[in-house]
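Scroll down for the structure; my scribbles are underneath it.
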Amino acid sequence: MSLLSKDIDSAFEGAGSKAGLEIWCIENLRLVRVPKSSHGKFYAGNAYVVLNTILRKNGPPQHDVHYWLGNDTKEVDLAMASDKALELDASLGSCTVQYKELQGLETEKFLSYFKPCIIPLEGAYSSQEAHLNGDTYKVSLLTCKGDHVVHIKEVPFSRSSLNHDNVFILDTASKVFLFSGCNSTIQERAKGLEVVQYIKENKHGGKCEVATVEDGKFVGDSDVGEFWSLFGGFAPIPRDSPSSFQKQSDTPSVKLSWITIQGKLCQTGTDSLHKKMLETDKCYLLDCGAEVFVWMGRHSSISERKISISAAEGFLRDQNRSTGTHLTFLTEGLESSIFRSYFDDWPQKVEPKLYEEGRGKVAAIFKQQGYDVKELPEEDCEPFINCRGTLKVWRVNGDELSLLPVPEQTKLFSGDCYIVQFTYAGNDRDENLFFAWLGCSSVMEDRKATISHMNAIADSTKGDPVLAQVVGDNEPVQFFSIIQKLIIFKGGMSKGYKKFIAENGLTDETYGGNKTALFRVQGTSPHNMQAIQLDPLLQVSSSLNSSYGYILQTETFIFTWIGNLSSTQDHDILDRMLELIDPTWQPTSVREGSEPDIFWNALGGKAEYPREKEMKGYTEDPHLFVVNVSEDEFKVKEIYNFSQDDLTTEDVLVLDCHREIYVWIGCHSNIISKQQALTLGLIGGFPSKLERTPWQFKGSGNLENGPNMYMLVYLEGEKCQKFRRSRENYG
1 MSLLSKDIDS
11 AFEGAGSKAG
21 LEIWCIENLR
31 LVRVPKSSHG
41 KFYAGNAYVV
51 LNTILRKNGP
61 PQHDVHYWLG
71 NDTKEVDLAM
81 ASDKALELDA
91 SLGSCTVQYK
101 ELQGLETEKF
111 LSYFKPCIIP
121 LEGAYSSQEA
131 HLNGDTYKVS
141 LLTCKGDHVV
151 HIKEVPFSRS
161 SLNHDNVFIL
171 DTASKVFLFS
181 GCNSTIQERA
191 KGLEVVQYIK
201 ENKHGGKCEV
211 ATVEDGKFVG
221 DSDVGEFWSL
231 FGGFAPIPRD
241 SPSSFQKQSD
251 TPSVKLSWIT
261 IQGKLCQTGT
271 DSLHKKMLET
281 DKCYLLDCGA
291 EVFVWMGRHS
301 SISERKISIS
311 AAEGFLRDQN
321 RSTGTHLTFL
331 TEGLESSIFR
341 SYFDDWPQKV
351 EPKLYEEGRG
361 KVAAIFKQQG
371 YDVKELPEED
381 CEPFINCRGT
391 LKVWRVNGDE
401 LSLLPVPEQT
411 KLFSGDCYIV
421 QFTYAGNDRD
431 ENLFFAWLGC
441 SSVMEDRKAT
451 ISHMNAIADS
461 TKGDPVLAQV
471 VGDNEPVQFF
481 SIIQKLIIFK
491 GGMSKGYKKF
501 IAENGLTDET
511 YGGNKTALFR
521 VQGTSPHNMQ
531 AIQLDPLLQV
541 SSSLNSSYGY
551 ILQTETFIFT
561 WIGNLSSTQD
571 HDILDRMLEL
581 IDPTWQPTSV
591 REGSEPDIFW
601 NALGGKAEYP
611 REKEMKGYTE
621 DPHLFVVNVS
631 EDEFKVKEIY
641 NFSQDDLTTE
651 DVLVLDCHRE
661 IYVWIGCHSN
671 IISKQQALTL
681 GLIGGFPSKL
691 ERTPWQFKGS
701 GNLENGPNMY
711 MLVYLEGEKC
721 QKFRRSRENY
731 G
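Next comes the structure, spelled out in structure tokens:
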């Protein structure tokens, strides 16, 4: 879909070129840009278009478009707002996600832009300077709901509006009261106080008093007495008073419908959905009950998209859906993790982004023209903790633990599991970090035993140790920085591994003697280097890569192979790792392109292998989720635009960095052990992982379903520099 530049409203000129919020208001049937000084002030008589742009470290910018509709907006402005949102999407290359926002029923993502809240104003916006009309101040009663973003709703100024579950704000001309229901949470009260301060500064110019009133506190001081006198005197609040916010019902069955060019819906699937049902030249409606998605194929026309938007809004009216039903518009290729989670077989492989492909093509063109194109140096990933500590490593053999001698601590087998305890100096005490390293070929019995043993050792350790799980071949940089000089051999020594090999009639590939072995050597410095033995089934020349150095061991000779794209530092690391594996070896060094026949014969013959510089893949920004745990299941909710203030003491939070997962446990949460928290991370059931690990969590969970990624568990107050650096706005 594309629009000519003449069809794009001039008010959108330059939109999306800078990070942050841009807001437009529809005033007298034309689009007017709202100055930054007025951001967060929404008038009930207007419709707005809001663009949020995030410039990521790599990849294209992320654009989210919201069109906000006030309760008193004219019909013509309502229609114009959705058209302008679609127009803005087209001007940005059809690469935005669009949301429909209704006053008082906004999405949490929208509310997260305007901390601590938005309180719509009566009347209509004017681009000219204006002042509030009237000489009397309108007294209003507001209810606050939400732990991380606050939903503000005005309720009738009456005692019957109060209840024990929510936080209320009574805004008068001279004083602002905060009333906290006895069943409200600490975080809700804290957010309510932030809203009170916001009202004081923005509506009273900082010139008013603030008072707090506790539910159940009878007339005893002047503030409490004044509060109840405004309601005609004190009277008990009924215990069965309903909350202003009704809980969502259980999610109904999911239905997918094709939207025809006539705007009719033709159901194409229900519950069991597949990505192949979505055709690129069509638009579809996905009905998920409390949320409705419109998916627009990349080859659909702008007229088809407009018809789809109208059809979706008509569908909600005809179905008598709640006004709180959220409507989201997605373009093919920009599907949210929530949307993808409703499909059984959404591809797990992330396709290369056009931004990254384009960068590579441009570089290739310049090189062909004879220009010397140099890559930007990769950012140094400095350790997040002090790596000058002491190390203990145990090999797990079922119920037995064997403490490895110091020379053997850095030599691991892929068929075994290990417990690594790293003790380092903190600010005022020694800190402990435990890793459960699960070899990629280890058996499930050993993996379960490793987790159990690690918890037992951690429980007997002073302080609050941090627990982590690492699966072989998915080690994080921090693990390598701690081990420093790591060698990973194939095979295993545990009884469980040996039994598995024997029962399945497999060849024992455990490294030893004069067996042929191929090691890939990698690293960044003499204090961060690894030699990893490759799978014997893959010991062919296609296992090579020009970016690395390799060690080839056979019964009669030793070769070191140096790729053409490797650096001088890589060569130094190769020599050091060779001496660590066996200091008696006398290798023959060969450079890529000058290999003797005996070298290729040992690898099963010459074949093609990657000769391009290995580039880091596209990395998405981290996501934060709050986890609510009950006896047999749990629910998750994403927190948008998060900051340190979102680390609430009553919650369990999961920070998803895609290759790494952090579980943060509030000191007042209902998670009673780190084992339980580790299980939460293992099942990977939060939204951004649903498309990759679509397992359901019941009871104590299932270790077999654990994702192959790095995971750390932190108690509130423990040091976690990586967690803190995940967002620049983390305090």
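Letter 240 of the sequence shown, counting from 1, is numbered 240 in full-length UniProt numbering, and no numbers are missing. In this text, a Cβ means the ideal position worked out from N, Cα and C, and glycines have one as well.
- Here M296 is buried: its Cβ has 16 or more other Cβ atoms, across all protein chains shown, within 10 Å.
- Residue environment analysis places C266 among the exposed positions, since fewer than 16 neighbouring C-beta atoms fall within 10 angstroms of its C-beta.
- For W394, the uninterrupted beta strand (DSSP E) segment begins and ends at 390-397.
- For S174, the three-state secondary structure derived from DSSP is coil.
- In this model, F413 and T423 are separated by some 23 Å (Cα to Cα).
- For T172, the closest C-alpha among the options H164, M454, L141 is that of L141.
- Taking 8 Å as the cut-off, the beta carbon of V150 is found no closer than this to the beta carbon of C182.
- Rounded to the nearest whole angstrom, the C-alpha separation of G104 and K153 is 6 Å.
- About 4 Å separates the beta carbon of D416 from that of G492, a gap short enough to meet the 8 Å contact definition.
- When secondary structure is reduced to three states using DSSP, V34 falls in the coil class, being assigned neither helix nor strand.
- Check the Cα spacing between D147 and each of Y342, I661, D645: the tightest is with D645.
- Note on K109: 16 or more other CB atoms within 10 angstroms of its CB, so buried under the neighbour-count rule.
- In this structure Q98 is not in contact with F339, their Cβ atoms being roughly 13 Å apart against a cut-off of 8 Å.
- By the C-beta density criterion, D318 is exposed, having fewer than 16 other C-beta atoms within 10 angstroms.
- When DSSP states are grouped into helix, strand and coil, T568 belongs to the helix group.
- Within the same chain, Cβ atoms closer than 6 Å to the Cβ of F179 are found at F168, V213, the five residues on either side in sequence being excluded.
- In this structure, the straight-line span from the alpha carbon of S222 to that of F234 is close to 13 Å.
- Looking from the CA of A311, the closest CA among C283, G333, R659, T331 belongs to C283.
- In the structure shown, the three-state DSSP call for G192 is helix.
- Per DSSP, reduced to three states, the secondary structure at V213 is strand.
- In its chain, beyond the 5 residues on either side, G398, G496 have a beta carbon closer than 8 Å to the beta carbon of E445.
- The residues K490, G491, P536, in chain order, have a CB closer than 6 Å to that of E509 in the same chain once the five nearest residues on each side in sequence are set aside.
- In its chain, beyond the 5 residues on either side, V32, V34, N46, Y48, Y125 have a beta carbon closer than 6 Å to the beta carbon of C25.
- Judged by DSSP secondary structure, V626 falls within the beta strand (DSSP E) whose first and last residues are 623-629.
- Non-local C-beta neighbours of C440 in its own chain, meaning closer than 7 Å and more than five positions away in sequence, comprise S414, V471, G472, D473, ordered along the chain.
- Under the three-state reduction of DSSP output, M577 falls in the helix class.
- Counting other Cβ atoms within 10 Å of its Cβ, L285 reaches 16 or more and is therefore classed as buried.
- A direct Cα-to-Cα measurement between R321 and I309 gives close to 16 Å.
- Remark: C-beta atoms of Y43 and P120 approach each other more closely than 8 Å.
- Around the beta-carbon of H63, 16 or more other beta-carbon atoms lie within 10 Å, marking it buried.
- Taken through DSSP and simplified to helix, strand or coil, E503 comes out as helix.
- Contact between L334 and C95 holds, since their C-beta atoms are separated by about 6 Å, short of 8 Å.
- The DSSP assignment places complete alpha helix (DSSP H) segments of no fewer than 4 residues inside the region 270-325 at 302-318, in order along the chain.
- In this structure, A90 and I302 form a Cβ contact; the two beta carbons are roughly 6 Å apart against a cut-off of 8 Å.
- W585 and F559 have their C-alpha atoms some 10 Å from each other.
- By the criterion of a C-beta distance shorter than 7 Å, T410 is surrounded in its chain by I483, K485, L486, I487, once the five residues flanking it on both sides are discounted.
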